[in-house]
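So the structure is just underneath, and the comments pick up after that.
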Amino acid sequence: MTGTVPGVAATGTGWPDEFVARYVAAGVWGDRTLGGLPREWARRAPRDPALVSGAERIDYSDLDRRVDEMAAGLLRRGIGAGDAVVLHLPNVPEFVVVLFALARIGALPVLVLPAHRRAEVSHVAAVSGAVAYVVPDRHEGFDYRSLATEVRADVPHLREVLVVGDPGEHGALDEVPVPGAGPVPDAARSEDVALLLMSGGTTGRPKLIPRTHRDYVYNAEATAEVCGLTSADVTLSVLPIGHNLPLACPGVIGTMAVGGTVVLARAGSPETAFELIEREGVTFAAVVPPLARLWVEAATAGGAPRGLRSLMVGGARCDRALAASIGPALGCRLIQSFGMAEGLLTHTRPEDGDELVVGTQGRPLSPLDEIRVLGPDGTPVPAGEVGELWTRGPYTIRGYHRAPEYNALAFDAEGFYRTGDLVRVLPSGHLVVEGRVKEVVNRGGENVSETELEEQLLEHPDVVRAAVFGLPDPDLGEIVCAALVLAGGVGKPPRAKDVAAFLRTRGLARFKHPDRLFIVDDLPLTAVGKVDKKALARTVTPT
Ligand code: OOB
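Taking our numbering as reference, the numbering of the sequence shown is continuous, increasing by one, and the terminal residue is 590.
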């Protein structure tokens, strides 16, 4: 039992048979698929609203029909089972339709975020063997068609670019669907890989995370349940739905799984969000801490929108003061969530007391989630003490896609995933995230791999050594800092602007660019000869 899609070899996903039997016997893994979900939902409540985007309203029956028409059109274009397709759309209905259509034909959506650029997209397109790339024409002032032209040049096996809107030199997504196609059979099995998510990553290049149909269906449905969502709920999607949290934790898929309505928003600003909350009767939303702060400030200054029942905050550390202010300011219940695209999710529960909701990141989603908190020597720390979190369970991957060497480091022999996060566990089973050991800067919920940025900076002709680290920031939690040692000393330092321009030409997503640059004579080293980033952070921060 390996969870592979025909044509996609060596995903490295396999759960050993013993675990397959355990998860199936527990009823956590069923035989359903992502592509089959819209069909079930359409049978259950065909005329209930599924998706709202601007003036467009799509009910469950329309959604299923549009998925069939898109699926038929993709098949007609020669895209089928096992083919990877990079999906690079903002929060538009086409994202949802294409995602389910690809799942239905057994193809493999590769999800990237709107902020990603050539460096990330070409890499994941190459690793996944993608044959097609779906983009908007323009979004937030950026022309994705030009990016698609570059990615095509980088990735010879990319046959098709499909554009939502004005296609320019590429194909129009609008022309793909086959009107009146009728039901397209579900080509996937529940144990197959359903989609590839991008990792926040600690490595030079982002890794791909293979999620199977049955683990992802469970992920979405179980999260909807612990959040208490029902068909009466209306979820506002403000974070980009190519990310696991707004897609399936519970997000788009979890909300639809209970028959609720998803409202797609292009931006999360309080003005846009509050207006949508009132107009569409939104009851649930998920945000990252910096956005939660903006909502609290706006609500405190100008009044809270009516109707919001729960606000989920996750993706980065939500400090206690912010957590405590959310309920009173927004008139709703806070749900804290900690999680990762690799799998494990924790949530505070509706029945938790205020102290747990404000002071913890919740407890694991599944009773079958296994948690180990280990010290630097690899043995468990005493109960309640801080250590590194390792985990294994029915929706946590057993390996990254096509990354055997890295998998040997990121997973232990028993299949536990090394999260790189430092936590302590309370007697109630709730986790408190205390920091991390992995070399990642968490910039307001967006994870920036220090190694990836260092490797990019070292490509600059003047840069001899580079060290990337985080510094605390009141708005974003952390900002991205880089210390550079230059060729020929500090004579003619490149300005931050030059470095940003350089990283843009390298095609690196904007959120990974350094917020602050320091030119240094040398980098401090630890006793074992690694760059001492703690010392570096101290020397550049005036006390
Ligand atoms: C979510 O997923 P990713 O894959 O973008 O990032 C995962 C990493 C975690 O390993 C941790 O370092 C950090 O982001 N993180 C948090 C956190 N939630 C995520 N650090 C502190 N406090 C939190 N609440 O970010 C993600 C996916 C699904 C649900 C929630 C978050």
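Quick reminder that beta carbons are idealized off the backbone N, C-alpha and C, glycines included.
Taken in chain order, the complete alpha helix (DSSP H) segments of 4 or more residues contained in the region 119 to 183 are 140 to 151 and 165 to 175.
Across the structure, Ser-278 and Gly-462 are spaced so that their CA atoms are roughly 37 Å apart.
Between Leu-323 and Leu-377, the C-beta gap is not smaller than 9 Å, which leaves the two residues out of contact. In this structure, Asp-64 has its beta carbon at no less than 8 Å from each heavy atom of the ligand OOB. Set against 8 Å, the gap from the CB of Phe-463 to the closest heavy atom of the ligand OOB is not smaller. Counted as a single uninterrupted DSSP element, the beta strand (DSSP E) harbouring Gln-383 occupies residues 380 to 387. With respect to the 9 Å criterion, Thr-259 and Val-240 are classified as neighbours on the basis of their beta carbons. The beta-carbon distance between Glu-502 and Gly-248, rounded to whole angstroms, is 12 Å. This is too long to meet the 8 Å contact definition. Gly-153 is a Cβ neighbour of Ala-234, given a cutoff of 9 Å.
In the DSSP assignment, Trp-437 forms a beta bridge with Arg-419 and Arg-465.
In the structure shown, Ile-300 adopts helical secondary structure according to DSSP, grouped into three states.
For Leu-194, the uninterrupted alpha helix (DSSP H) segment begins and ends at 191 to 201. When the beta-carbon positions are compared, Val-488 and Val-495 come within less than 9 Å of each other. Counting along the chain, no alpha helix (DSSP H) covers Thr-282; the unbroken beta strand (DSSP E) around it starts and ends at 281 to 284.
In this structure Val-511 is in contact with Ala-534, their Cβ atoms being roughly 5 Å apart against a cut-off of 8 Å. As a beta-bridge residue in DSSP terms, Thr-393 pairs with Phe-385 and Pro-411. Here DSSP, grouped into helix, strand and coil, assigns Ser-372 to helix.
The C-beta distance from Val-310 to Glu-327 rounds to 5 Å, short enough to meet the 8 Å contact threshold. Nearest Cα to Val-225 within the set Asp-115, Arg-165 and Val-157: Asp-115.
By the C-beta criterion, the region 369 to 389 is judged to be in contact with the region 350 to 361, since at least 3 inter-stretch pairs fall below 8 Å. Comparing C-alpha distances from Arg-542 to each of Asp-416, Leu-341, Ile-566 and Thr-552 shows the shortest one belongs to Ile-566.
DSSP, reduced to helix, strand and coil, places Asp-509 outside both helices and strands of the structure shown, so it counts as coil. DSSP, reduced to helix, strand and coil, places Ala-219 within a strand of the structure shown. Per DSSP, reduced to three states, the secondary structure at Leu-311 is strand. Contiguous beta strand (DSSP E) elements confined to the region 234 to 279 occur at 240 to 245 and 255 to 259, taking only those with 3 or more residues.
Following the DSSP letters along the chain, one finds Leu-583 inside the alpha helix (DSSP H) bounded by residues 580 to 587. A direct Cα-Cα distance of roughly 6 Å separates Val-202 from Ala-173. Residue burial annotation: His-135 is buried, with at least 16 other C-beta atoms found within 10 angstroms of its C-beta. Each residue's CA atom was taken as its position, placing Thr-466 and Thr-588 some 28 Å apart.
Taking the C-beta atoms as reference points, Leu-158 is found nearer than 9 Å to His-290. A straight-line Cα-Cα distance of about 42 Å links Ile-418 and Gly-101.
Here Ile-324 carries a helix assignment [DSSP, helix/strand/coil].
Under the three-state reduction of DSSP output, Val-404 falls in the helix class. The three-state secondary structure of Arg-104, taken from DSSP, is strand. Spanning the alpha carbons of Leu-205 and Pro-214 requires a straight line of approximately 16 Å. Within the same chain, and ignoring the five residues on either side of Ala-131 in sequence, the residues whose Cβ sits closer than 6 Å to its Cβ are Leu-155, Val-157, Ser-175, Gly-176 and Ala-177.
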